[in-house]
Each structure stands twice: as C-alpha cells, then as structure tokens.
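Position 35 (the sequence shown) corresponds to 98 in our numbering; numbering is contiguous. Note that beta-carbon positions come from the ideal geometry of N, C-alpha and C, so glycine has one too. No experiment lies behind these values; they were computed from the predicted model shown. Following: one structure in structure tokens, then a few remarks.
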Amino acid sequence: MTPGTPSISTVNPCCCFNLKSGAVLIGILELVVWSVALTLSTLYLQTVPGLITEYKNAEISNELESKEAMNALYSVYVVLILCITLSFVRLINGTILLFGVQRNSVRLVKTWLCLKVSILVLTIGSFVVALAHGTANLATDIFYGINFLASLYFIFVILALLKKLKVENQKRFIRYKF
C-alpha cells in the first residue's frame, strides 16, 4: 500500500453518518425488513394447506397435471418454511449487531459478520439453483441483485467498524509499565 492511500480503517463508508450510527441503521433496517418478510411468509404459509385441500377435492381430468400441481404446492410450502427460518435467523442477526454496536463488542460484531457472510453464500447458492432449474425471473433477479449489493455494502461498513472497535479496544486496554 502506498503512502497516502486510504485503508479500510481510515475510510468511512457511511455516507452521512459515523460508523456506529451507520451500523445501528443497518441493524434496524435488517430488523424491519426481515420482520416484514417473516410476517408475510407466515401469512402466506397459512393459505397453502387450504390450497392443497381445495386442490385435492377438485376434479381434474388429467392425473399427471394433478400430480404436478400438488408437487408445486408442496414445493411452495417447503420454500415458505425455509423463508421463515432464514427471516428468523436474520432477525436474530440484526439483534446481535445492535447489541454488538451498543456494547462495543468485537465478538458480537464478528458473529454478525460470520452469519452475514454465511447468509450471503446461501443466497448466492439459492440463486444459482434457481437459475439451474429455470425458476428465476426478472423479479427474483432484481431481488437477488439488490440483496447481494446491499449485503456487500453492509459487510464493508461492518468491517470498517470492526477495525475501529479493535483500535478503540486496544487503546482502552493498554498496560502501563512501571
């Protein structure tokens, strides 16, 4: 690195906020977005069993079409359960970040970072699976793109915060020699 080149510890990636305020904003944003996703997924999940029962009772002339439709409904059911689980994990992750920033805890912020990177890898994997099965469309492409870019930005901000917290903690715990 050449002299005068800013490093991640000297750059503030938050546009109008200091790093701690930006991290709190990220935590709150995650709590809001994923609580809405959790609520919507749970509400939609309530309708799937009714659709399955209704579809079983309906008279369908083509047996193959009936099986394909039932498999699609069961797939939706499984995907919704996975969405609910991931939304819940992301809610917990947002809470971990808020507590980590409030307490200046490097350990909690690192935990958030590890979970966020893991979730990002899962998101990329699910997008690849959607592309491979041909189930991706413009809406999912846009969702995955926005999610990916936002996650990368959030990770960059938290990495900068983590560097700052480590420096602050080192300054706080300097031992004086007598």
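Take the alpha-carbon of Phe151 and the one of Gly113: they are about 24 Å apart. Here Arg153 carries a helix assignment [DSSP, helix/strand/coil]. Nearest to Ser98 by C-alpha distance, out of Cys146, Met133 and Thr110, is Cys146. Residue environment analysis places Gly163 among the buried positions, since at least 16 neighbouring C-beta atoms fall within 10 angstroms of its C-beta. In this model, Leu94 and Arg235 are separated by some 31 Å (Cα to Cα).
Taking every protein chain shown into account, the CB of Gly188 has fewer than 16 other CB atoms within 10 angstroms, so this residue is exposed. Check the Cα spacing between Gly208 and each of Leu224, Ser104, Val172 and Thr186: the tightest is with Thr186. Counting every other CB atom within 10 Å of its CB across the protein chains shown gives Ser181 a total below 16, marking it as exposed. Distances from the alpha-carbon of Asn232 to those of Leu176, Val169, Ala193 and Phe211 put Val169 closest. Taking each of Ile155, Leu225 and Ser104 in turn and checking the Cα distance to Val139, the smallest one comes out for Ser104. Under the rule that a run must span 4 or more residues, the alpha helix (DSSP H) segments found entirely inside the region 166-235 read 169-196 and 201-235. Going by beta carbons, Leu171 and Ile89 fall outside the 8 Å limit. Taking the Cα positions, Leu194 is about 31 Å away from Ile91. When the Cα atoms are used, Val87 and Phe190 turn out to be separated by approximately 28 Å. In the structure shown, Phe80 falls within a coil segment according to DSSP collapsed to helix, strand and coil.
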